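Q:
Protein chains in written order, with our numbering: chain E, 3 to 328; chain W, 1406 to 1465.
#1: Go through the region 226-310 of chain E residue by residue and report every complete run of the alpha helix (DSSP H) that reaches 4 residues or more, in order.
#2: Three or more C-beta pairs under 8 Å: does that hold for the region 53-60 of chain E against the region 201-213 of chain E?
#3: Give me the chain W residues within the contact set of residue 281/E, using Cβ-Cβ distance strictly less than 7 Å, ordered along the chain.
#4: Going by beta carbon distance, what residues of the same chain come within less than 6 Å of residue 232/E, once the five residues before and after it are set aside?
#5: Does the CB of residue 322/E have a neighbour CB from chain W at under 8 Å?
#6: Interface residues of chain W around residue 194/E at Cβ under 9 Å?
#7: Apply the 10 Å Cβ neighbour rule to residue 312/E and answer buried if 16 or more other Cβ atoms are within range, or exposed otherwise.
#8: Just verifying my parser: in three-state terms, what is the DSSP assignment at residue 180/E?
#9: For residue 42/E, which three-state DSSP category applies?
#10: Expressed to the nearest angstrom, what Euclidean distance is found between the alpha-carbon atoms of residue 304/E and residue 179/E?
#11: Return yes when the C-beta of residue 309/E is under 7 Å from any heavy atom of the ligand HEM, and no when it is not.
#12: Here's the rule: buried if 16 or more other CB atoms are within 10 angstroms of the residue's CB, otherwise exposed. What is residue 309/E?
#13: Flag this pair as yes or no: are the beta carbons of residue 288/E and residue 104/E separated by less than 8 Å?
#14: Helix, strand or coil for residue 145/E? Go by DSSP, reduced to three states.
#15: Three Cβ pairs or more, each shorter than 8 Å: is that satisfied between the region 25-38 of chain E and the region 143-160 of chain E?
#16: Could you give the distance in angstroms between the alpha-carbon of residue 229/E and the alpha-carbon of residue 1451/W?
#17: For the beta strand (DSSP E) containing residue 99/E, name the first residue and the last one.
#18: At which residues does the beta strand (DSSP E) containing residue 153/E begin and terminate?
#19: Can you find the residues in the same chain that come closer than 6 Å, C-beta to C-beta, to residue 29/E, ignoring five residues on each side of it along the sequence?
#20: Note down the Cα distance separating residue 45/E from residue 1460/W, rounded to an integer number of angstroms.
#21: With the cut-off set at 8 Å, would you say residue 41/E and residue 97/E are in Cβ contact?
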């Protein structure tokens, strides 16, 4: 039996229900790789470890020596960038363009202003009240990426935060690369942004979609859903994860670029399935920020999605399966 | 529990007989003209499964 992958190349369906996985922590989140061929697990893990080390060196805003942070010394002048940073920037600009700036990579300074200025594991859970100036952030249109010349121009004073899209883009990239190299089915999960490539297990890749998140391996404390995907990607964005307090205010990591403040909308968690993890992530992040109109927006785009209100009520659109577990 | 979210909602406060009703209508931000995201790539829809999950999608 054969199927066609998102790349259009023929793939076989895995004949064994036995899948083989490895999980660890890297780039400030939980990493998991699953393969359909046990003999390839070690190689697959090693490839992903290398990919993530390179991603961190290129794109981290928590490392002074990263290529991203060294960009700031260019003070608004065109600067040569490597292919990884260029790819991550391209992914971020895709998100900004397709959401009319709701997913904006220029929120780095705003993110720092509310306290997320280091790897999240070391962000103090409590802190004093903040004085935050509410301002309109979107400066993404001022970023110029000349891919032919490998030149990137970022306005002076702007700090980029690629966290919204870089993990998902990296999951897509690594899943495809590893599946091609090892000729097996591969699932890559980077903090819940999931990409699959290559051979498809019987019935698809079974995934638990969890609403309230802290440690994804922790017991469920919100409505969950178990679904299977066959191609592309799946992403979940939530205001319930990566939270901290400053004064009496609860902060989280999804900022509304129009205010520079944590999004304060209808949904606490949105999960989206799309043709890639990147596009799923763009849609799920934008949906958190857009609030009430997100359900009809996702439905019109034909993106299967599961949205959970701050009260825990679930709505699904565009063919997302009915809830089968609680 | 599924939640139905209309793009516009009206609420009627029907008073006692002989008292004029007050109708409150609010319209949410109707995005019918919002074509943003139209190039986001769709895939095949997820399916239900009883197979134990091999990964978790959760913001973390």
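Virtual Cβ for every residue (Gly too), placed ideally from N, Cα, C.
For clarity, every value in this text was computed on a predicted model and none was experimentally measured.
A: Inspection of the coordinates gives the following:
#1: 279-292 and 296-303
#2: no
#3: For the purposes of this step, residue 281/E is taken as the residue at position 279 of the first chain. What residue 281/E touches in chain W: 1445 and 1446.
#4: Along the first chain, one-based indexing puts residue 232/E at 230. Once the five neighbours on either side are set aside, the close Cβ partners of residue 232/E are 202 and 206.
#5: Counting from one through the first chain, the residue named residue 322/E turns up at place 320. Yes - at least one Cβ of chain W is within 8 Å of the one on residue 322/E.
#6: For the purposes of this step, residue 194/E is identified with residue 192 of the first chain, where counting begins at 1. Neighbours of residue 194/E on chain W, chain order: 1460, 1461, 1462, 1463, 1464 and 1465.
#7: In the first chain, residue 312/E corresponds to position 310, counting from 1. Under this definition residue 312/E is an exposed residue.
#8: Numbered from its first residue, the first chain carries residue 180/E at position 178. Residue state, collapsed to three classes: helix.
#9: Your numbering for residue 42/E matches position 40 in the first chain. In the structure shown, residue 42/E sits in a helix (DSSP, three-state: H, G or I).
#10: Numbered from its first residue, the first chain carries residue 304/E at position 302. Numbered from its first residue, the first chain carries residue 179/E at position 177. Each residue's Cα considered, the two are about 27 Å apart.
#11: Inclusion of the ligand HEM in the displayed structure is not the case, the ligand content being empty and no account of it being possible.
#12: Taking the first residue of the first chain as 1, we reach residue 309/E at position 307. The residue is buried, with at least 16 neighbouring Cβ atoms inside 10 Å.
#13: Residue 288/E sits at position 286 when you count from the first residue of the first chain. Residue 104/E sits at position 102 when you count from the first residue of the first chain. Taking 8 Å as the Cβ cut-off, residue 288/E and residue 104/E qualify as a contacting pair.
#14: Taking the first chain and counting its residues from 1, one reaches residue 145/E at position 143. Residue 145/E: coil per DSSP, three-state reduction.
#15: no
#16: Residue 229/E sits at position 227 when you count from the first residue of the first chain. Residue 1451/W sits at position 46 when you count from the first residue of the second chain. Roughly 6 Å between the two C-alpha positions.
#17: Against the first chain, residue 99/E aligns to sequence position 97. Here residue 99/E belongs to no beta strand (DSSP E); instead the alpha helix (DSSP H) covers 85-100.
#18: Numbered from its first residue, the first chain carries residue 153/E at position 151. Residue 153/E -> beta strand (DSSP E) spans 153-155.
#19: As a first step, residue 29/E is located in the first chain; it is residue number 27 there, counting from the start. Same-chain partners within the cutoff: 54 and 58.
#20: Position 43 of the first chain, counted from the start, is the residue given in the question as residue 45/E. Position 55 of the second chain, counted from the start, is the residue given in the question as residue 1460/W. Residue 45/E and residue 1460/W: Cα-Cα distance of roughly 19 Å.
#21: To locate residue 41/E, count along the first chain from 1; it is residue 39. To locate residue 97/E, count along the first chain from 1; it is residue 95. No, these two residues do not count as a Cβ contact at 8 Å.
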